[in-house]
Structures are given as structure tokens and as C-alpha cells.
Amino acid sequence: MTVSSLNNRVASSNSATRNLILNLTDRGKLNFTNLDSSCEYADFLENQTQATSRSINKLATTDSALYPSRSAPEIDTAFSIMTTSGAVLHCVEHLCWISLLCRTCCDGGSLYRGGSGSGGEFVIVVFILGILAALVLGIFGSSLGSAILSAIKIHKASNEISNLKHRNRDIYLNVASFQADSQEKAKSKAVAIVSVEANKHLISAYKNYRAVKISFLICAIICTLALLALAAGAILSIFFSGPMAAAIIPAAIIGCCAGGGGLLLTGLISFMIASVYMSKKQNAAVGHLNRSMLYTMIADQMVHNANEYNRNEISQTVVQQCIANYPITVFNYRERSYLNAGLFSHNLNTQMSPSVPSAPPPPYDEEPPPSYDEVVRSSQT
Numbered sequence: 001m002t003v004s005s006l007n008n009r010v011a012s013s014n015s016a017t018r019n020l021i022l023n024l025t026d027r028g029k030l031n032f033t034n035l036d037s038s039c040e041y042a043d044f045l046e047n048q049t050q051a052t053s054r055s056i057n058k059l060a061t062t063d064s065a066l067y068p069s070r071s072a073p074e075i076d077t078a079f080s081i082m083t084t085s086g087a088v089l090h091c092v093e094h095l096c097w098i099s100l101l102c103r104t105c106c107d108g109g110s111l112y113r114g115g116s117g118s119g120g121e122f123v124i125v126v127f128i129l130g131i132l133a134a135l136v137l138g139i140f141g142s143s144l145g146s147a148i149l150s151a152i153k154i155h156k157a158s159n160e161i162s163n164l165k166h167r168n169r170d171i172y173l174n175v176a177s178f179q180a181d182s183q184e185k186a187k188s189k190a191v192a193i194v195s196v197e198a199n200k201h202l203i204s205a206y207k208n209y210r211a212v213k214i215s216f217l218i219c220a221i222i223c224t225l226a227l228l229a230l231a232a233g234a235i236l237s238i239f240f241s242g243p244m245a246a247a248i249i250p251a252a253i254i255g256c257c258a259g260g261g262g263l264l265l266t267g268l269i270s271f272m273i274a275s276v277y278m279s280k281k282q283n284a285a286v287g288h289l290n291r292s293m294l295y296t297m298i299a300d301q302m303v304h305n306a307n308e309y310n311r312n313e314i315s316q317t318v319v320q321q322c323i324a325n326y327p328i329t330v331f332n333y334r335e336r337s338y339l340n341a342g343l344f345s346h347n348l349n350t351q352m353s354p355s356v357p358s359a360p361p362p363p364y365d366e367e368p369p370p371s372y373d374e375v376v377r378s379s380q381t
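Each residue of the sequence shown is one higher than the last, beginning at 1 in full-length UniProt numbering.
As C-alpha cells, then:
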């Protein structure tokens with residue numbers, strides 16, 4: 001493999017890494033972390049600008065490019081599920097009253113006598129179907145919708161993780177088979193290794209995101225089952241209640257309502273636990289994203305601004321740390337000597353460059369220093 005081919009692969013990987021980091025922020029589709037749009041890191045991710053030593057040093061020492069998000073769509077879903085559960089209880093109450101009204105009218109009322117009952121029955125049936133439709137929309141609109149959305153996000157995150165692993169494996173195999181016999185080739189190989197490390201941290205960030213979505217998916221499934229159980233109890237209470245109903249039907253109604261209420265309570269508690277879990281995973285993802293962005297910025301600096309990289313000790317230290325994670329068979333001693341030789345020659349030229357002459361030393365006194373005998377006599381006196 002040639003140097004240009006390796007550089008093209010690394011450049012494509014770094015560009016994709018920027019987009020994937022941005023996708024996990026509030027300026028992307030996944031909205032898992034926050035990114036300040038006014039900072040220089042946003043320009044690096046969105047506008048594909050070149051990295052500077054100032055931004056690299058800030059990110060490596062004191063600054064943070066990303067922060068945990070303060071909200072999530074799943075939290076709003078939990079509140080909507082609580083609202084839906086209240087609506088379900090109201091629907092059950094209304095349906096029970098309508099069922100009682102139907103039985104009263106059909107048994108002893110005069111509304112349905114003489115052929116005038118068909119219109120009243122039709123109105124009551126319309127009311128029942130309307131309430132059932134509202135019940136179904138409440139179930140499928142909040143809990144099941146959240147479950148489907150979480151499943152889609154998990155699928156997308158899994159695809160991104162798979163693509164990153166495949167890209168890292170491809171670059172790693174090319175780096176392992178690439179032999180550097182010059183400073184330029186050793187530098188290109190070092191850039192590829194830094195890019196691989198950036199992708200590793202990005203994979204960890206996406207794994208944290210996927211873990212959060214899996215936890216909320218489980219919560220949404222529990223709440224969906226709870227609402228379905230409550231809906232089943234409501235339907236049974238309408239069509240299978242009364243003095244002619246079998247003894248097992250009221251027991252089934254009570255079981256559905258009790259099981260649905262228990263599952264609903266479990267789902268809401270699990271949402272609280274998942275929210276705490278999300279906060280923990282967000283902090284971990286922010287750390288991985290900051291490291292991934294740092295490595296991507298250093299790789300960009302090594303490619304587009306080599307002179308600035310040679311003057312930046314922090315960038316050089318990070319590159320040496322990345323290379324130290326790999327065995328000698330991947331980046332041997334000769335290739336490391338080529339890489340360090342370029343830095344040594346640059347530092348040597350910097351030290352030998354002409355500088356401002358210093359001030360001359362102060363002149364000696366005109367009188368010579370005292371002799372030994374004079375010093376002895378002065379001490380005796």
C-alpha cells in the first residue's frame with residue numbers, strides 16, 4: 001500500500017468520525033449530548049475546519065467539548081404514559097357506566113319499546129366505540145410508540161458500531177502490513193493509528209448510547225403490557241359482566257386490572273431507574289467523545305499542519321501514548337525512530353536558530369582584587 005492510499009483511507013475515516021460525533025449531539029439526530037454552537041469545536045465538527053494547537057491543548061488539559069444532555073425524549077414519554085394510565089382509568093369508569101345504562105334501558109326502561117330503541121342503542125354503541133378508540137390510541141401513541149422508536153434507534157446505533165468496527169479493522173490491517181522506511185511514511189502510519197484510537201472511543205460512546213436506549217425499550221414494553229392488561233379488563237367489564245356472566249369472568253377482570261396496575265407501577269419505577277442509568281452513561285459517553293474528538297483533531301493537525309504539530313508537545317505526547325498501545329510488530333523500533341527523528345531535527349533547528357543577543361556581562365572593577373596577605377591582615381585586625 002502506498003502513502004497516498006493510506007492517507008486517503010485515514011482522511012475518509014476522520015471525516016466520518018466528525019459526522020458521527022456530531023450525530024450524538026443536540027445538533028445531530030440522536031440528541032444524546034450537548035455541544036456549544038459558539039465554541040471552536042463546533043466549527044471543527046460542522047464546518048470541517050482545521051484543528052489548531054490552542055483548541056487541542058484546551059481539550060487535552062482543561063476544557064470539554066461536549067456535556068451531558070439535561071433532557072431526553074424518553075422522560076417525556078414516561079409522563080405521557082402516566083397521563084395515558086389516568087385516561088385508561090377514566091375510560092374504564094365511563095365504559096362501566098355506559099354498560100350499566102345499557103342493561104338498565106334494555107331490562108326495564110321504555111326507551112327501547114315500540115321500535116324506538118334502535119336509535120338509542122346505536123348512540124350508545126357509538127359512545128362505546130369512541131371511548132375504545134381513544135383507549136387504543138392512548139396505548140399505541142405513547143408506550144408502544146416509544147418502544148418502536150427506541151428499537152429503531154438501537155438498530156441505527158448497532159449499524160454505526162458495526163461500520164466503525166469494520167473500518168477500524170480495515171485500517172488496522174493496512175497499518176500492520178505497511179512498512180515505513182522514511183519519516184513521511186512513519187508519520188502517515190502514526191496518523192492512521194491515532195485515527196484507529198479515535199474510532200475505538202467513538203465505538204464506546206455509541207455502546208453507551210445503545211445501552212440507554214435498551215433500558216428505555218424495556219421500560220416501554222413493560223408499560224405497554226400494563227396498559228394492554230388494563231384495556232383487556234375494561235373490555236371484559238363491558239361485554240362479559242352482569243348476572244348471567246360466568247364466575248370466571250369477574251375474576252379475569254380483577255386479574256387484568258390488578259396485573260396491569262402492578263406492571264404500570266413497575267414500569268414507572270423502571271423509568272426512574274433508567275433515568276439515573278442514562279445520566280451515568282451520558283457522562284461516560286461524553287468522556288469517550290471528548291477523547292475521540294481530541295485524537296481526530298491531532299490526526300487532522302498532523303496531516304494539514306505538520307509544522308504546528310512539531311511545535312506542540314501535547315500533540316506529540318498523545319501520539320506517543322497511542323503508539324505505545326500497539327505491539328512492536330505493528331509499529332517497530334525503526335519506524336518509531338523515524339518518527340522521533342523528525343521531531344528531534346525540528347527541535348534542533350529551533351534551538352540553533354538565531355535569537356536576540358543577550359546583554360554583555362558587567363565589566364570588572366578597575367582595581368585588582370585583594371591579595372591573600374591583605375585578606376589575612378584585614379581579618380586579624
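The beta-carbon is built from N, C-alpha and C at its ideal position, and this holds for glycine as well.
- When the beta-carbon positions are compared, MET293 and LEU59 come within less than 8 Å of each other.
- Distance between ASN168 and ASN34, taken at the CA atoms: about 26 Å.
- DSSP places THR329 in the coil class of the three-state scheme, outside both helix and strand.
- Excluding the 5 residues flanking it on each side, GLU197 has same chain C-beta neighbours closer than 6 Å at TYR295 and CYS322, in chain order.
- ASN310 and SER69 have their C-alpha atoms some 36 Å from each other.
- As the crow flies, the alpha-carbon of ILE21 is around 7 Å from that of LEU202.
- Bounds of the alpha helix (DSSP H) holding THR17 are 3-23.
- In the DSSP assignment, LEU30 falls outside any beta strand (DSSP E), carrying neither H nor E.
- Rounded to whole angstroms, the separation of the alpha carbons of ALA186 and SER15 is 22 Å.
- Remark: C-beta atoms of SER13 and ASN283 do not approach each other more closely than 8 Å.
- If you draw a straight line from the Cα of SER279 to the Cα of GLN301, it comes to about 33 Å.
- Taking ASN307 as reference, the option from ALA51, ILE222, THR25 and TYR326 with the minimal CA-CA separation is ALA51.
- The residue among PHE178, TYR209 and PHE216 with its C-alpha nearest the C-alpha of ALA285 is TYR209.
- For ALA180, there is no enclosing alpha helix (DSSP H), as DSSP marks it with neither H nor E.
- Apart from sequence neighbours up to five positions away, the residues of its chain that approach ASP43 with a beta-carbon distance below 7 Å are THR49, ordered along the chain.
- ILE273 and LYS213 have their C-alpha atoms some 13 Å from each other.
- Listed as beta-bridge partners of LEU66 by DSSP are LEU35.
- Secondary structure note for THR317: its alpha helix (DSSP H) is the uninterrupted segment 313-324.
- Here THR17 is buried: its Cβ has 16 or more other Cβ atoms, across all protein chains shown, within 10 Å.
- Sequence-distant partners of ILE314 (beyond 5 residues in either direction) whose C-beta falls short of 7 Å from its own C-beta, in its chain, are ILE56, ASN57 and ALA60.
- Less than 8 Å separates the beta-carbon of ILE193 from that of PHE331.
- A straight line joining the alpha-carbon of THR317 with that of CYS219 spans about 45 Å.
- Cα atoms of LYS189 and LEU6: separation of roughly 8 Å, rounded to the nearest angstrom.
- Of the residues assessed, GLY267 falls on the buried side of the cut-off, its CB having 16 or more other CB atoms within 10 angstroms.
- The C-alpha of VAL175 is placed about 11 Å away from the C-alpha of VAL10.
- At a Cβ-Cβ threshold of 8 Å, ALA341 and GLN183 count as neighbours.
- Taking the CA atoms as reference points, SER204 sits about 42 Å from ALA232.
- Looking from the CA of ALA151, the closest CA among LEU173, SER215, HIS166 and GLN179 belongs to SER215.
- When C-alpha distances from THR224 are compared across LYS29, TYR277, SER146 and ILE269, the shortest belongs to SER146.
- In the three-state DSSP reduction, ALA205 falls in the helix class (H, G or I).
- Residue range 53-61 is occupied by the alpha helix (DSSP H) that includes ASN57.
- Excluding five sequence positions before and after LEU217, the CB atoms of its chain that fall closer than 7 Å to its own CB belong to ALA147, SER150, ALA151 and ILE154, given in chain order.
- The three-state reading of DSSP puts THR224 in helix, counting H, G and I together.
- Comparing alpha carbon positions, the residue from SER53, SER37 and ASN47 closest to ALA65 is SER37.
- DSSP, read as helix, strand or coil, puts GLN301 in helix.
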